[in-house]
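Residue numbers (my numbering): 24 to 272. Glycine is no exception: its CB is placed at the ideal position from the N, C-alpha and C atoms. Structure record follows, encoded as structure tokens.
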Ligand SMILES: C[S@@+](CC[C@H](N)C(=O)[O-])C[C@H]1O[C@@H](n2cnc3c(N)ncnc32)[C@H](O)[C@@H]1O
């Protein structure tokens, strides 16, 4: 009787995502990290999270909930019926937690990230270089979509953009506040040319700062179709305040 030997230490999900030369590099790095851990060396910097083998770097000042409520994206996309696609764009990406976790979990072939903050962009580039996945990721420093070439064409856009209107002049944190909804307005006014026909935008919003009725007209005047909005729920069925605005383009 013939036997098939399966090396369980190899993550076979990676095999379908990488060309052979890159796969070899990724597996070599994984093996090296595993070895270093075994002898007790600390290989990861203090500020890093890992998604299915992809290490994502950040700094305390870059974190904008992508590693907390942003982690719900995987569940939300599955629940909404999205499956693996060619290209995903994470808008207002910060270090790219959401985008990198979707790439690492096989939700897309290629990823684009953009943020206005040069430090976030630097971190996102460091992540791509460290994991040997530069050829799968395009990263732009961009004010909304202004710095992104129109050759970029996406099936799916995800984002947890700034969620609140400023209450007064002291609310200047660009991770939290979107004055007059200018970022949202500009995004929805210019996203259409970057979308593959039938592509979707799934934007994570916060019901403590906005409601569906604010963004619906922006979607429609940008040429998109509002599909649905759905709240995030915890295990007891309670909303945690976050909701997704889904539109089709
Ligand atoms: C709520 S944070 C989300 C960051 C990251 N996705 C996360 O979850 O940690 C909002 C992000 O929007 C970025 N941002 C603010 N204004 C922007 C603009 N005009 N264009 C592009 N990005 C912007 C901020 O730099 C910040 O990284």
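Closest Cβ-Cβ distance between residue i and chain D: below 7 Å?
| i | result |
| --- | --- |
| residue 160 | Note that chain D does not occur in the displayed structure, where there is just one protein chain. |
Could you name the residues of the same chain whose beta carbon sits closer than 7 Å to that of residue i, not counting the 5 residues immediately before and after it, in chain order?
| i | result |
| --- | --- |
| residue 127 | 74, 75, 76, 77 |
| residue 85 | 117, 118, 142, 143, 146 |
| residue 166 | 139 |
Tell me whether the beta-carbon of residue i lies closer than 7 Å to the beta-carbon of residue j.
| i | j | result |
| --- | --- | --- |
| residue 162 | residue 147 | yes |
| residue 210 | residue 175 | no |
| residue 99 | residue 267 | yes |
| residue 272 | residue 236 | no |
| residue 79 | residue 150 | yes |
Taking DSSP's pairing of strands, which residues face residue i in a bridge?
| i | result |
| --- | --- |
| residue 181 | 113, 225 |
| residue 161 | 135 |
| residue 71 | 80 |
| residue 195 | DSSP output for residue 195 lists no bridge partner at all. |
| residue 269 | 225, 251 |
| residue 218 | 177 |
| residue 262 | 256 |
Nearest by alpha-carbon distance to residue i: which of the options is it?
| i | options | result |
| --- | --- | --- |
| residue 115 | 267, 222, 89 | 89 |
| residue 113 | 177, 92, 86 | 177 |
| residue 255 | 245, 242, 225 | 225 |
| residue 206 | 238, 231, 264, 191 | 238 |
| residue 232 | 186, 198, 196, 215 | 186 |
| residue 103 | 262, 253, 129 | 253 |
| residue 156 | 138, 172, 70, 134 | 134 |
| residue 83 | 264, 198, 263, 52 | 198 |
For residue i, collect the residues of the same chain with a Cβ closer than 6 Å to its Cβ; drop the 5 residues on either side in sequence, then sort them by chain order.
| i | result |
| --- | --- |
| residue 179 | 108, 111, 223 |
| residue 136 | 113, 116, 119, 122, 147, 162 |
| residue 194 | 200 |
| residue 213 | 168 |
| residue 249 | 239, 242, 270 |
| residue 189 | 200, 202 |
| residue 159 | 133 |
For residue i, which residues of its own chain have a beta-carbon under 8 Å away from its beta-carbon, when the five flanking residues on both sides are left out?
| i | result |
| --- | --- |
| residue 230 | 254, 262, 264, 265, 266 |
| residue 171 | 135, 137, 163, 165, 217 |
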